[in-house]
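Residue numbers (our numbering), protein chains in the order written: chain R, 12 to 427; chain S, 37 to 190.
Ideal Cβ positions, reconstructed from N, Cα and C, are used throughout, including at glycine.
A quick note: this is a predicted structure, and the numbers were derived from the prediction, not measured.
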Amino acid sequence: MSSVHLDVEAVRADFPALARTVRNDKPLIYLDSGATSQKPVQVLDAVRSAYEQHNAAAHRGTHLLGEEATDLYEGARAKVAAFLAARPDEVVFTKNATEAVNLVAYALSAPGQLQVRAGDEVLITEMEHHANLVPWQQLCERTGATLRWLDVTPEGRLDTDDLDTMITGRTRIVAVTHQSNVTGTVPPVAEIARVAHEKGALVLADGAQSVPHQPVDVTALGADFLVFSSHKMLGPYGIGVLFGRAELLEAMPPFLTGGSMIEVVRMEGSTFLPPPQRFEPGVPAIAEAAGLAAAVDYLTALGMDNVAAHEESLTAHALDALREIDGVRILGPDTTKDRGGAVAFEVDGVHPHDVGQVLDELGIAVRTGHHCAWPLHRALGVQASTRASFYVYNTHDEVDALADGIRYAQRFFGTG
Amino acid sequence: MQLESMYQDIILDHYRNPHHKGLRDPFDAEVHHVNPVCGDEVTLRVSLKDVNGEPVVEDVSYDSLGCSISQASASVMSDLVIGKPVAEAMTISQAFLELMQSKGSRVEGQPDEGLLEDAVAFVGVSKYPARIKCALLGWMAWKDATAQAMEVAQ
Chain R
12 MSSVHLDVEA VRADFPALAR TVRNDKPLIY LDSGATSQKP VQVLDAVRSA
62 YEQHNAAAHR GTHLLGEEAT DLYEGARAKV AAFLAARPDE VVFTKNATEA
112 VNLVAYALSA PGQLQVRAGD EVLITEMEHH ANLVPWQQLC ERTGATLRWL
162 DVTPEGRLDT DDLDTMITGR TRIVAVTHQS NVTGTVPPVA EIARVAHEKG
212 ALVLADGAQS VPHQPVDVTA LGADFLVFSS HKMLGPYGIG VLFGRAELLE
262 AMPPFLTGGS MIEVVRMEGS TFLPPPQRFE PGVPAIAEAA GLAAAVDYLT
312 ALGMDNVAAH EESLTAHALD ALREIDGVRI LGPDTTKDRG GAVAFEVDGV
362 HPHDVGQVLD ELGIAVRTGH HCAWPLHRAL GVQASTRASF YVYNTHDEVD
412 ALADGIRYAQ RFFGTG
Chain S
37 MQLESMYQDI ILDHYRNPHH KGLRDPFDAE VHHVNPVCGD EVTLRVSLKD
87 VNGEPVVEDV SYDSLGCSIS QASASVMSDL VIGKPVAEAM TISQAFLELM
137 QSKGSRVEGQ PDEGLLEDAV AFVGVSKYPA RIKCALLGWM AWKDATAQAM
187 EVAQ
């Protein structure tokens, strides 16, 4: 079970969910980490300990528990910043990646120096998850800006041939995924950022599928904003991250307002704290932040290079195994070059829902449908797909079980 | 394995050879319904006729993309409602909805097998919450289209 990169057996022992059985008393084969990852005991213990030992509202009480809660929360911020090679004041905690995108899209439509105006352009891609697509449509509706997008090639790569003309002097922001949640494609974000910056446009990278799976250094990435969710990287639900370059966060008006984010409040009006507190109203999610910090520790101890290498080897195995099955078409790149560990596929004559149902009977959890990337599915000429996605605890045996399960589904529906 | 309890032969037969599929003229109302979770979709037309002052389902035609459950369910639905007075077809639709909400705990004889005919085969689907919407897609489209056709008739 061990691989050259990770001691997978030891990793699996940390994840209680992987020890349970599912339908028909089958052991769980969890291939849906792209939707949400399982959580190790280290994360669960950190959440429990925050509630048991340090439960108080951060940034408030003049008591010991309040100080400890504040330390936990700000300590988590420092840990996340170090994980990204960023500064702590550039890390804003949000509810999730979706809220982080909405925060930026709101700030760009509110009065201020970053305000997008009628006639301006917003550039996205056909590959985006709805979370990095719908907020930009809404921004354009509010401001009168024009939404443009980069196409996807039939191989599921981003078509950047016309990048120079698609990013114009009117482009205010380019929002692009750093790893497709469907095809695993890793677009050239650094190159896109270089062109965008030449033309004075900002860049937001959706790291929901990249930060959990590969080393990410915000300086090397070149994006002005990076968003991701804790729950896809071994951490708890309900907390996510917006990284933003300090001078941009400083120029942005608040999104959600209330307590904890104000400087002075008078009946006539209020002033606001500097970032990141400006964007974090209300009592913060302390236990969730502590859990995220534990997840960052866990991944750091494994080594993100090892995590990426382990997933690359599983992905290569899956691409080989699926390619061998007649009637299976892999969506997206068929090599692991610039490609992460999400493998979506079609099975001739068997609808994804039915593939997923058969796999579920075998204890294999996958995602079926359009995976919140409907335009991408349209671009690839499919209505829906089945997706297997891998993480630190997955094994080569599980990849083989997936291939066997697909063959079983074909036999069950009389197509294989 | 419980697969056979969900995918009963009746369902697989309807899936492989759907009845009344394809869009036909004339029609009184057309609707387009989608399941936003998976993207399955159906375009469905209803044609009504007046028989002694009572509206009767003359034809149901549809074009759809989706899983075996949604395809088979639309096929079974069309068999059940075509030729029936609207009021009776609505009663069948309600019985099917109750079957789908039964979580697999159907009491023998309830709902009436005579009423639901082939649709009783979908009882296994009701144990899987994620699939209930698949089974209901065609029925909900029919109900919506019929309601619209009735409004047109008034």
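Next on the checklist: Would S/Gly160 and S/Met42 qualify as a contact pair, given that the criterion is a beta-carbon distance under 8 Å?
Outcome noted: Yes, the Cβ-Cβ distance between S/Gly160 and S/Met42 is below 8 Å.
Next on the checklist: If you reduce the DSSP assignment to three classes, tell me which class R/Ser60 lands in.
Outcome noted: Assigned with DSSP and collapsed to three states, R/Ser60 falls in helix.
Item to check | At least three beta-carbon pairs within less than 8 Å, the region 35-54 of chain R to the region 275-291 of chain R | outcome: no
Item to check | chain S residues whose Cβ lies nearer than 7 Å to that of R/Val369 | outcome: Contact of R/Val369 with chain S by beta-carbon distance below 7 Å involves Leu39.
Next on the checklist: Looking only at its chain, what residues have a beta carbon closer than 6 Å to the beta carbon of R/Ile341, apart from the 5 residues adjacent to it on each side?
Outcome noted: Only Leu333, Phe356 meet the Cβ criterion.
Checklist entry - What is the residue span of the beta strand (DSSP E) that R/Arg422 lies within? => result Per DSSP, R/Arg422 belongs to no beta strand (DSSP E); it is in the alpha helix (DSSP H), 407-423.
Checklist entry - If S/Val112 and S/Val92 are in contact, beta carbons under 8 Å, what's the gap, nearest whole angstrom? => result Your pair S/Val112 and S/Val92 does not check out as a contact, with CB atoms roughly 19 Å apart and the cut at 8 Å.
Item to check | Contacts that S/Ser111 makes with chain R (C-beta to C-beta distance below 7 Å) | outcome: The contacting residues do not exist; S/Ser111 stays about 15 Å from chain R at best.
Item to check | Within chain S, the residues that R/Asp365 reaches when beta carbons sit closer than 7 Å | outcome: Scanning chain S for C-beta atoms nearer than 7 Å to the C-beta of R/Asp365 yields Cys103, Ser104, reported in chain order.
Checklist entry - If you measure from the beta carbon of R/His381 to each beta carbon in chain S, is any gap under 8 Å? => result yes
Checklist entry - Using the rule of at least 16 other Cβ atoms within 10 Å of the residue's Cβ for burial, across every protein chain shown, is R/Met12 buried or exposed? => result Confidence at R/Met12 is low in this model, with a pLDDT of 46, below 50, so the placement of that residue is unreliable and no value is reported for it.
Checklist entry - What is the C-beta distance between R/Ser44 and R/Phe266, in whole angstroms, given that I count them as a contact (C-beta under 8 Å)? => result For a cut-off of 8 Å, the C-beta gap from R/Ser44 to R/Phe266 is around 29 Å, too long to register as a contact.
Checklist entry - In chain C, which residues lie less than 7 Å from R/His208 when you measure between Cβ atoms? => result Although the question refers to chain C, the structure presented lacks it and instead comprises the protein chains R and S.
Checklist entry - Is the region 203-218 of chain R in contact with the region 14-28 of chain R, if contact means three or more CB pairs nearer than 8 Å? => result no
Checklist entry - So who's on the other strand from S/Asn71, going by DSSP bridges? => result S/Asp76
Checklist entry - Using 8 Å as the limit for Cβ to Cβ distance, is R/Met12 near chain S? => result Note that R/Met12 scores a pLDDT of 46, beneath 50, so its modelled location is shaky; the value from the coordinates is reported in the next line. It does not; no Cβ of chain S falls within 8 Å.
Checklist entry - CA-CA distance, R/Leu313 and R/Arg71? => result 35 Å
Next on the checklist: Please list, in chain order, the chain R residues whose beta carbon lies closer than 8 Å to that of S/Met42.
Outcome noted: Gln368
Checklist entry - At a CB-CB cut-off below 8 Å, which residues of chain R make contact with S/Val73? => result Near S/Val73 (Cβ distances below 8 Å), the residues of chain R are Gly380.
Next on the checklist: DSSP three-state label for S/Asp148, please.
Outcome noted: coil
Next on the checklist: On the criterion of 16 or more Cβ atoms from any shown chain inside 10 Å, does R/Thr326 qualify as buried, or is it exposed?
Outcome noted: buried
Checklist entry - Opposite R/Ser240 in the DSSP bridges: which residues? => result DSSP output for R/Ser240 lists R/Gly251 as bridge partner(s).
Next on the checklist: Just to confirm the assignment, what range does the beta strand (DSSP E) spanning S/Phe158 have?
Outcome noted: Here S/Phe158 belongs to no beta strand (DSSP E), and DSSP marks it neither H nor E.
Checklist entry - Roughly how many angstroms separate the alpha carbons of S/Arg167 and R/Arg398, rounded to a whole number? => result 18 Å
Item to check | Contact under 8 Å by Cβ, R/Asp359 with R/Gly343 | outcome: no
Next on the checklist: Judging by CA-CA distance, which residue of R/Glu274, R/Arg88, R/Ala216 is the nearest neighbour of R/Glu202?
Outcome noted: R/Ala216
Item to check | Expected contact under 8 Å - CB spacing of R/Met138 and R/Val163 to nearest Å | outcome: Between R/Val163 and R/Met138 the Cβ distance is about 5 Å, and since that is below 8 Å, they are a contact.
Checklist entry - Leaving out five residues before and five after S/His32 in sequence, what residues of the same chain have Cβ atoms less than 6 Å from its Cβ? => result Absent from the structure is residue 32 of chain S, since the part of chain S shown begins at 37 and ends at 190.
Checklist entry - What does R/Glu357 reach in chain S if we use C-beta pairs closer than 8 Å? => result Neighbours of R/Glu357 on chain S: none; closest Cβ ~13 Å, over 8 Å.
Checklist entry - Where does the unbroken beta strand (DSSP E) through R/Leu213 begin, and where does it stop? => result 213-217
Next on the checklist: Below 8 Å on C-beta distance, what does R/Ala395 contact in chain S?
Outcome noted: Per Cβ cutoff of 8 Å: Cys74, Gly75, Asp76.
Checklist entry - R/Glu299: which of R/Val22, R/Leu75, R/Gly86, R/Ala28 sits nearest, CA to CA? => result Out of R/Val22, R/Leu75, R/Gly86, R/Ala28, R/Gly86 has the C-alpha closest to the C-alpha of R/Glu299.
Next on the checklist: Below 8 Å on the Cβ atoms is my contact criterion, and I expect R/Val127 with R/Arg183 to pass it. Report the Cβ-Cβ distance as a whole number of Å.
Outcome noted: 5 Å
Next on the checklist: Please report the distance separating the alpha-carbon of R/Gly425 from that of R/Glu322.
Outcome noted: 33 Å
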